[in-house]
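Taking it in order: structure first as structure tokens, then the write-up.
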Amino acid sequence: MSKVDTRQNPSLSIRTPRARVKGLGASGHGAGHFWLQRLTGAANALLMLGFVVIIALMAGRPYPEAVALIANPLVSIVLILAVVSVTVHMRLGMQVIIEDYVHDKGLKVAALIANNFYAAAVAAACLYAILRVGLSRLV
């Protein structure tokens, strides 16, 4: 049995002409969403190792020493990268869940908007805290 090439005969494809032009899949997002979720998942695995090491180094230290550790530029950069990667991954994962399981159109839109605002708020709060402590040595 030979494989049918829908590029040569588009009438055999179930995709609309517009979808073929845009290159998007059935969900309308294309493969970018899938790959970004996988990329942030892999980054999270590596960054969480650094995060655990940083937390272990702070255990039992007095507050000024813990602040000095976070003020180290390398430590701050690892924490910032971890926050960005985790919040993007969280937003993408919740988006998929909302799109799959919330069927009411209005509720789905509201949930997606709330998801975006929540992820942005978590990221902003974490980044503010890291930058405030990280830049405290400069003041």
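Per the numbering used here, the sequence shown starts with residue 4, numbered consecutively. We put the CB at the ideal spot given by N, CA and C, even for glycine.
Taking residue i and residue j to be in contact with their CB atoms under 8 Å, please state how far apart those CB atoms are, rounded to whole angstroms.
i      : j      : result
Phe54  : Ala85  : 5 Å
Ser88  : Asn47  : 5 Å
Lys111 : Ile101 : 6 Å
Ala122 : Arg94  : 4 Å
The alpha helix (DSSP H) that contains residue i, what's its start and end?
i      : result
Arg64  : Per DSSP, Arg64 belongs to no alpha helix (DSSP H) and is neither H nor E.
Leu112 : A small correction: the amino acid at residue 112 is Val; Leu does not occupy that position in the sequence shown. From DSSP, the alpha helix (DSSP H) with Val112 extends over Lys108 to Gly137.
Pick helix, strand or coil for residue i, following the three-state DSSP scheme.
i     : result
Thr90 : helix
Thr19 : coil
Ala34 : coil
Asn47 : helix
Val55 : helix
Val3  : Absent from the model: residue 3. The displayed extent of the chain is 4 to 142, so no value can be given.
Taking all protein chains shown into account, decide if residue i is buried (16 or more other Cβ within 10 angstroms of its Cβ) or exposed.
i     : result
Leu52 : exposed
Leu60 : exposed
Gly63 : exposed
Leu49 : exposed
Would residue i count as contacting chain B if we go by Cβ distances under 8 Å?
i     : result
Ala69 : Structure shown: chain B not included; a single protein chain is present.
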